[in-house]
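Start counting the sequence shown at 1; every next residue gets the next number (the working numbering). Shown next, in structure tokens, is the structure this report addresses.
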Amino acid sequence: MITTVIKTTDPNQAATQGAAIIRAGGLVAFPTETVYGLGADGLDGAAVNRIFEAKGRPNDNPLILHVARKEDAFRLWAAEPPHARALMDTFWPGPLTLIYHRSAMVPDEVTAGLDTVAVRMPDNDAARALIAASGVPIAAPSANLSGKPSPTTAEHVLQDMDGRIPLILDGGPCRYGVESTVLSLVGTPTILRPGAVTKEMLAAVLGEVALAPSILAPLGAGEKAASPGMKYKHYAPNAQVLVVVGEAPEAATRLSALYDEFIAAGKRVSIAATAEALPYYGQRRTALLGTRRDPGTLCSRLFSLLRELDGSSDVILCEGIGTEGTGLAFMNRLLRSAGFRVEYL
Ligand code: TXA
Ligand code: MG
């Protein structure tokens, strides 16, 4: 059993300590602007395998390589990806991951045998200090146990990783709270996972951008996921999550009825509500997600709220919203956390 230490001291000192662990082939959890990452030396296959072990992650699900400088991305790809410079100039550092054919220096363990690799430059000083001090790209998935909601605080990381890793760098709560947008630049630019860099923002740079069909729907039988991560149970608390999508008053009416049914059946129930619907729930047990006018705040609260409500609920009822802008990232995560148990009104 390893003792897990949380470090809140100054970023440079923490980066030095973290980098020593990374260079020795170990694991360090670190903050990014999206969610906390679980990092290892991205050029060392054995170190990368330790990430899969610590998370219990299926090893056919590839990882993202994180770089501290834009220039460092190019040697990880076989050639310069189309549109990469314009996208990097506009969105890096930031919550956009770019996928293109990999170079020979990227180990198979990172790409899970695919001939492409995902790369991003995080917009977080502690993350970039750690990567720079390590001197290698850092492979990092979200620092949760496989299948659980991604961690947006160091405390969440500790809940899942205590005794599994030696060090968590604490950078406070993550700004966005959902993982990066994953964009494939192989063929037509295609969003494999939506995030805070929206389809609309990408279209302003790229013109056309496609959406992978698995973003809002479960994979059909025998269908192949563009992104292997999409096929697994994801972001799911122990409680059962149910989603109702509709205008605030109608959604609240339907969710209140469901709430009363579950209570009658002896279940512990809570409702993740938007500010617009809150007044319609009466005395029922609610937790505020944020306002529908700002899906970004709904995103930033979703995972932490699911973790908070999980211990005290058998069922978590949640309002769904429209998929414009960051609403798409919110609905992508919410529907997965619910295992696609959703009603559209
Ligand atoms: O914001 C983020 O992206 C966070 C922070 C830590 O940077 N990381 C993260 O990593 O979310 P992870 O491993 O939880 O999600 C990576 C996603 C998975 O869905 C994976 O299947 C996909 O990216 N992916 C990685 N490499 C890929 C590739 N070569 N082709 C297709 N999908 C890929
Ligand atoms: Mg993840």
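Don't be surprised by glycine CBs; every beta carbon is placed ideally from N, CA and C.
### Query
Using the C-alpha atoms, what's the distance from V186 back to P58?
24 Å
#### Entry: Of the residues R50, M121 and V241, the one placed nearest D72, counting alpha carbons only
M121
### Task
Give a single yes or no on whether S142 has its beta carbon closer than 6 Å to a heavy atom of ligand 2.
yes
### Task
Run the CB neighbour count on P238, radius 10 Å, all protein chains shown included, and call it buried at 16 or more, exposed below.
Just to set this straight, residue 238 is Asn in the shown sequence, not Pro. Result: exposed.
### Query
Considering only residues of the stretch 256-294, which uninterrupted alpha helix (DSSP H) runs meet the minimum length of 4 residues and lie entirely inside it, listed in chain order?
none
### Query
Three or more beta-carbon pairs under 8 Å between the stretch 14-31 and the stretch 129-140, yes or no?
yes
### Query
According to DSSP, what are the bridge partners of F303?
DSSP, once it has assigned bridges, lists no residue as partnering F303.
#### Entry: Through-space distance from V245 to P213, alpha-carbon basis
19 Å
### Proximity test, N61 beta-carbon vs ligand 1 heavy atom, cut-off 6 Å
yes
### Task
Find the nearest neighbour of A15 within the set A24, T3 and V28, judged by alpha-carbon distance.
V28
#### Entry: Span of the beta strand (DSSP E), counted from its first residue to its last, around D72
Taken as a continuous stretch (DSSP letters only), D72 belongs to no beta strand (DSSP E), being part of the alpha helix (DSSP H) at E71 to F74.
### Query
Nearest-angstrom Cα distance between A275 and K148?
26 Å
### With 16 other Cβ atoms within 10 Å as the buried cut-off, status of F303
buried
### Task
Out of G296, D89 and V178, state which residue places its alpha-carbon closest to the alpha-carbon of G37.
V178
### Query
Of the choices G163, R85, G45 and I6, whose alpha-carbon is the least far from that of T111?
G45
### Query
Where do the N-terminal and C-terminal ends of the beta strand (DSSP E) with A40 fall, by residue?
G37 to D41
### Query
What number of angstroms, rounded off, separates the C-alpha of Q159 from the C-alpha of H234?
17 Å
### Message
Quick check: R128 and A84, are their CB atoms within less than 7 Å of each other?
### Response
no
### Task
Note down, in chain order, each residue of its chain lying with its Cβ closer than 6 Å to the Cβ of P249, except the 5 sequence neighbours on either side.
Y280
### Query
How far does the beta strand (DSSP E) with L65 in it reach, from first residue to last?
I64 to H66
### Query
Excluding the five sequence neighbours on either side, which residues of its own chain have a C-beta within less than 6 Å of the C-beta of P218, listed in chain order?
F340
### Task
Whole angstroms is fine: what's the gap from L317's alpha carbon to H101's?
41 Å
### Query
Taking the C-alpha atoms as reference points, what is the distance between R175 and E324?
20 Å
### Query
Skipping 5 residues on each side, what residues in its chain have a beta carbon closer than 7 Å to that of G171?
P31, N124 and A126
### Task
Could you name the residues of the same chain whose beta carbon sits closer than 6 Å to that of A139, not counting the 5 residues immediately before and after it, in chain order?
A40, G42, V48, L63, L65 and V110
### Query
If you run the structure through DSSP and keep just helix, strand and coil, what is T190?
strand
#### Entry: Through-space distance from I131 to E33, alpha-carbon basis
15 Å
### Task
Classify L114 as helix, strand or coil using the three-state DSSP reduction.
coil
### Message
Tell me the residue span of the beta strand (DSSP E) that contains V5.
### Response
V5 to K7
### Near ligand 1: L114 beta-carbon under 6 Å from a heavy atom
yes
### Query
Is any heavy atom in ligand 1 found nearer than 6 Å to the beta carbon of A47?
no
### Query
If you compare alpha carbons, which of V243, A264 and I2 is closest to L255?
V243
### Message
Among the candidates A277, L114, T4 and G56, whose CA atom is the shortest distance from the CA of G320?
### Response
A277
### Query
What whole-angstrom Cβ distance do V205 and P95 have, given they're in contact under 8 Å?
The pair is not a contact, with the Cβ atoms about 15 Å apart (cut-off 8 Å).
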